[in-house]
Amino acid sequence: MPHHISIELDVHSLTYSNQIVGNITFVIDFHDYFPGQGWSDFVAIVLTWWIDNGRALLFAPLQETYSFQFMDGPIQIAAKKVTGTEVELTLIEEDRPQTIMGTVTLVELTKALIKTSRQLINAADRNGWKNEEIDQLRHAVKSLQAY
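Under the numbering used here, think of the first position of the sequence shown as 29, with each following residue one higher.
Structure representation (structure tokens):
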């Protein structure tokens, strides 16, 4: 049975200089955080990467793997398409054994990506933050929603 997935963005942690930085993490079954609570990263950039790979997974053949990478640190989440509707997520950290996070549906992964991206876009709009990465994220969200 597939696990529940969400992607949590702590909007109160967001800061803006030239880039938007904030705490972001994958959450499996409401309590397992990957790579961990309080993980800080360049959120607009990584969300755009993740949406691009999430969209690719929708059309990927079985056993194809795409990575959800983080900019800060040698950590990534590998998503392997195991059925037409599900992917297996694995946490990959340098110098550590791989950790299987579980299987999630592509629909739920897509919804999590869109929801979290919208939260970031709304926060950027509220704060008047504008940059190329937010514009790219807006475009990526529209592209993913088209599927």
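Where a beta carbon is used, it is the ideal one built from N, C-alpha and C, also for glycine.
Being a predicted model, the structure only gives us computed values, none of them experimental.
Problem - Under the three-state DSSP convention, the category Glu136 falls into - result: One-based indexing of the sequence shown puts residue 136 at position 108. DSSP places Glu136 in helix when its eight states are reduced to three.
Practice task
For Glu121, I'd like the list of residues in its chain whose CB is within less than 6 Å of its CB, leaving aside the five on either flank, ordered along the chain.
Solution key: Reading the sequence shown from its first residue, position 93 is the one you call residue 121. Cβ within range, chain order: Ile103.
Problem - Residues near Thr93 in its chain [Cβ-Cβ closer than 8 Å; skip 5 each side] - result: Residue 93 sits at position 65 when you count from the first residue of the sequence shown. The beta carbon of Thr93 is closer than 8 Å to those of Ala106, Ala107, Lys108, Lys109 in its chain, skipping five residues each way along the sequence.
Practice task
Could you give the DSSP three-state label for Glu160: helix, strand or coil?
Solution key: Mapped onto the sequence shown, residue 160 falls at position 132. It is helical.
Exercise for the section: Could you check if Ile128 is buried or exposed, using at least 16 other CB atoms within 10 Å of its CB as the buried criterion? Expected result: As a working mapping, residue 128 is identified with position 100 in the sequence shown. Counting other Cβ atoms within 10 Å of its Cβ, Ile128 stays below 16 and is therefore classed as exposed.
Practice task
Rounded to whole angstroms, what's the CA-CA distance from Gly82 to Thr138? Just pull it up for me.
Solution key: As a working note, residue 82 is residue 54 in the sequence shown. As a working note, residue 138 is residue 110 in the sequence shown. If you draw a straight line from the Cα of Gly82 to the Cα of Thr138, it is about 7 Å long.
Handout entry: Whole alpha helix (DSSP H) elements within the stretch 66-125, 4-residue minimum
Key = For the stretch 66-125, whole alpha helix (DSSP H) runs of length 4 or above, ordered along the chain, are 71-87.
Practice task
Ignore the nearest five residues each way along the sequence and tell me which others in Met29's own chain have a CB closer than 6 Å to its CB.
Solution key: Here the question's residue 29 lines up with position 1 in the sequence shown. The same chain holds no residue with a CB closer than 6 Å to that of Met29 once the five nearest residues on each side in sequence are set aside.
Handout entry: Cβ neighbours of Asp38 in the same chain (closer than 7 Å, five flanking residues each side left out)
Key = For the purposes of this step, residue 38 is taken as the residue at position 10 of the sequence shown. Within the same chain, Gly50, Asn51 come within 7 Å of Asp38 by CB-CB distance, once the 5 residues on both sides are set aside.
Exercise for the section: On a CA-only basis, which of Leu134, Leu117, Gly66 is nearest Tyr175? Give me that one, please. Expected result: Here residue 175 refers to the residue found at position 147 when the sequence shown is read from its first residue. Considering only Leu134, Leu117, Gly66, the residue with the shortest C-alpha distance to Tyr175 is Leu134.
Practice task
Under 8 Å by Cβ, that's how I've got Asp80 and Ala152 pegged, so tell me the actual separation to the nearest angstrom.
Solution key: Walking along the sequence shown from the start, residue 80 turns up at place 52. Walking along the sequence shown from the start, residue 152 turns up at place 124. 19 Å between Cβ atoms; not a contact.
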